[in-house]
Each structure stands twice: as structure tokens, then as C-alpha cells.
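Engineer: Mind looking over this structure? Questions follow.
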Amino acid sequence: MIPAVLPTYSRAKMTFETGEGSWLIDRDGTRYLDFGGGIAVTALGHAHPTLVKVLQDQAAKLWHTSNLYHIPNQEALAEKLREATFADTMFFTNSGAEAMECAIKMARKYWYEKGETQRTNIITFSGSFHGRTLATISAAGSEKLTKGFGPLLPGFIHLPFGDHEALRAAMDDTIAAVIVEPVIGEGGIIPLPDACLKGLRDLCDETGALMICDEIQCGMGRTGKLFAHEWAGVTPDIMAVAKGIGNGIPLGACLATEDAARGMTAGTHGSTYGGNPLACAVGAAVVELINTPEFLGDVSRKAGLLRQKLEGLVASHPDVFEGVRGTGLMLGLKCKAANADVVAAGHGEHLLTVMGGDNVVRLLPALNISDDELTEGVARLDAAAKTLGSAA
Ligand SMILES: *Cc1c(COP(=O)(O)O)cnc(C)c1O
């Protein structure tokens, strides 16, 4: 008989009951070191005392009113993000895919409002992931996501990642926008070189196309800046954020410049839950904790430490690993062994990691993980690799 929960996931055996910082504790009391962060979501770890308090305080006051009324917590979070980013305005959602949906609708509406109604096409790149709704699987376009779900949403042009000439050739007067992950996440941790992001910005400026960054995985401090595009010294017109911003409370946002948002007037878009008082209370606390020079500087310092240790790991297990890639605390181990086997061997050592595309194991620990925990995690990866390597 089909399980009561639709069997769309192949789940590992563990069942966790509590969490503390970078640790998850199962029903038998066994502690697992969490290098996956719930797929880059628990950026401040589990049961962070400040966030627990903020959630509890808000829970005792008010959960939900709908967007029929003003929501001070939503406005406060928006002001914080506006202060911290390129954005002038933003729409709140419950998930990343919804933030991307808003970005796609906004880009099309922009050109509609300008009277250039032929500009409906959106360029996306191979290896990307933008969510599981019909629009976002159509956007990413890979067969793995789309097979069997057609007809897909028309209007997406798929180009190879990082191919500037292909991009230039495709930038005709039908292009409304270009969507890019500054660091590809699900696809296997692939940073777009700064020069490519700059080149993309220049092409958008030349043609008027809107630049949309999907920072759902690489944003919120993960690369050592609040948002990954900042490293390239350019800003997008629209940006999707989710995952880390709620630290586990469902929250996302679509940020935009005033110009890009020109078509999104009253009645054009909405969400029942998006931006509710509970989620936004937590979101504002998360932004406050992450967006300080000290915190972000420490992410970069720890990233250097982790990367150095991982290079050593790869060198001692050349039959299991091929190399390290990524940036900040968004690192990938390109594997020679099957990445699923590496993740499973990690479970045996009570270490949690996440599979990614291109046979990569993703390491997405909490941004406030300690140096000792990073060292411990690499030691566990080493033990896991010993169970797989032919030299073991
Ligand atoms: C996770 C992710 C999404 C989808 O977010 P959901 O909250 O699962 O809808 C979109 N884009 C990127 C880059 C992601 O990592």
C-alpha cells in the first residue's frame, strides 16, 4: 500500500527528535554532526536561543492576520533588507519556488507595462535549480525535473552555464530577463566567476533585460557576504531569497529595484501566508544576527579553515574524492566514489551531508558552526572515506 505520505523522497533511515546548534539528536540519543543544515536552511543552527525566544514571544502575541492589513513585522524585515541590499521593495513568500515565481511574473509584467509585449522570454542556465513549481521546473529545464510534467510553461531559453558568447548571441529583443544562481547549489556547487556575473550585468545593461539572481541557497551570508553577487561588485534587478532567511521557518522573499517592480501594483500578486507576523519576526532576527561585519568575516575565516582541511582530506583519499569546489561555507566534494555512498558512509560516522548534482557531496553547515566542529566533521569524513577507499 502507498505510504500515507506521498513517496516522492528517498529518505535516509534516521529520525531526529531534537537539535542543538550543529547537532541533531535521534530517538536513541545518538548525536549527528549536521554538515547539511537542512539543505542550507538552518544557517544559525538548531534551536538558536535568540530565535526560539523571538518565535515564542511572537507566538504568544499573534500568528496571522492576512495581507488585508498592515503587518509591522513584515515592514520591519523589509526595511532591514532594503537597508542591507540593492533592493527598494520586496514581496514575501513561504518558499524559494514562490519567490522565483514572483520574480518571473515581475519580469514579464515589467515589459508588459513598458508596452514591449514581445519581451516575454527568459534565459536560464544548464545545471540550475529554481524550485519545483511548473514555472520553476520549466525555467531550470532539466529532464530530471520536467519529465512527465508537460506541457511546460513556454518562454524559457536554456543556455550552457558560463558561456558568454552563447549568452550574447541569445540576447535579442524578445528577452525579458536572465536568471542566474551566482553559485549553483543543487546542481553541484559551482560558483559563477565574478567576471561572468559582471559580463552578464553588462549585457543586461546593454539590452535592458532584467538580471534576476536566485540566491535562495547561496545568499544569507553563506559565501561570507550577505549575498553572493556582492563579491562581483554588481547588483541584480530582482533577487529571490529563501532557505537561510527563516532558519527553518518557511519564509522567502523576492527583492527588486523600484524600476523592476513597476508593474506589481495592488491586486497583481498575493499570498495568504507570505510575510505573516510569525515568519517575519524570525526573519528579522536572522538578518540582524547574520548581517554584521564580524559574523560575515567569521564565515569567511571558517570557510578558509574548512577548505584547507578538505584539500587535505581529498589528498589522502584520491580514490574516493576528486576535488573541493565552491566558496564560503558552501563547499562541494567532487567524488570518484558514488556521492550517495559517501553520504551513506557519513551517516555511519554520524555525520550529515547532502548529495548534489555532478556526483558532488554538498557541505552546507550552519554559519555559526565552531572551529572544533568543523575539524570534527572533516575527521568523520576521513573515517567515512576509509570505509570506501580501496586503500582502506
Ligand atoms: C532550494 C532552492 C529553490 C527552491 O526553494 P523551495 O523553498 O524548495 O521552493 C530554488 N532555487 C535554489 C537555488 C534553491 O537552492
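Going by numbering that gives the first Met the number 0, the letters in the sequence shown line up with residues 0 to 391, in that order. C-beta atoms are modelled at their ideal positions from N, C-alpha and C, and glycine is treated no differently. All values derive from a computational prediction rather than experimental measurement.
What are the boundary residues of the alpha helix (DSSP H) that includes residue 201?
Structural biologist: Element bounds for residue 201: 193-206.
Engineer: For ligand 1, any of its heavy atoms closer than 7 Å to the Cβ of residue 244?
Structural biologist: No, the beta carbon of residue 244 sits no closer than 7 Å to any heavy atom of ligand 1.
Engineer: Could you tell me if the beta carbon of residue 162 falls within a distance shorter than 7 Å of some heavy atom in ligand 3?
Structural biologist: Of the ligands one can find in the structure shown, namely ligand 1, none is ligand 3.
Engineer: Excluding the 5 residues preceding and the 5 following residue 25 in the sequence, name in chain order all residues of the same chain whose CB lies nearer than 8 Å to its CB.
Structural biologist: Cβ neighbours of residue 25 beyond the five flanking positions: 13, 14, 15, 16, 31.
Engineer: If contact is defined by three or more beta carbon pairs under 8 Å, each pair taking one atom from either stretch, is the region 187-199 in contact with the region 219-234?
Structural biologist: Touching, per the Cβ criterion.
Engineer: Is it buried or exposed for residue 5, if we count other Cβ within 10 angstroms and need 16 for buried?
Structural biologist: So residue 5 counts as exposed.
Engineer: For residue 335, which residues in the same chain have their Cβ closer than 7 Å to its Cβ, ignoring the five residues on either side in sequence?
Structural biologist: The residues are 318, 319, 320, 321.
Engineer: Should residue 128 be listed as close to ligand 1, given that the test is whether its C-beta is under 7 Å from any heavy atom?
Structural biologist: Under cutoff, so the answer is yes.
Engineer: Output needed for residue 420: all residues of its chain with C-beta closer than 6 Å, excluding positions within five of it in sequence on either side, in chain order.
Structural biologist: Because the chain is modelled from 0 through 391, residue 420 falls outside the range shown and cannot be assessed.
Engineer: Report the rounded CA-to-CA distance for residue 108 versus residue 124, giving the unit in angstroms.
Structural biologist: Each residue's alpha carbon lies about 22 Å from the other.
Engineer: Taking 7 Å as the cut-off, is the beta-carbon of residue 77 closer than that to any non-hydrogen atom of ligand 1?
Structural biologist: Not so, every heavy atom of ligand 1 lies at least 7 Å from the Cβ.
Engineer: Do you know offhand how far residue 309's Cα is from residue 381's?
Structural biologist: Using only the alpha carbons, I get a separation of about 9 Å.
Engineer: Could you give the distance in angstroms between the alpha-carbon of residue 296 and the alpha-carbon of residue 51?
Structural biologist: Residue 296 and residue 51: Cα-Cα distance of roughly 25 Å.
Engineer: Could you check whether residue 365 and residue 42 sit closer than 8 Å to each other, using their CB atoms as the reference points?
Structural biologist: Against a cut-off of 8 Å, the Cβ pair of residue 365 and residue 42 comes out as a contact.
Engineer: If you drop the 5 nearest sequence neighbours on each side, which residues of the same chain put their C-beta closer than 6 Å to that of residue 357?
Structural biologist: Answer for residue 357: 187, listed in chain order.
Engineer: Tell me residue 22's beta-bridge partners as DSSP assigns them.
Structural biologist: Bridge partners of residue 22: 19, 32.
Engineer: By Cβ distance below 8 Å, which residues in the same chain neighbour residue 9 in space, the five residues on each side in sequence not counted?
Structural biologist: Correct list: empty, nothing qualifies.
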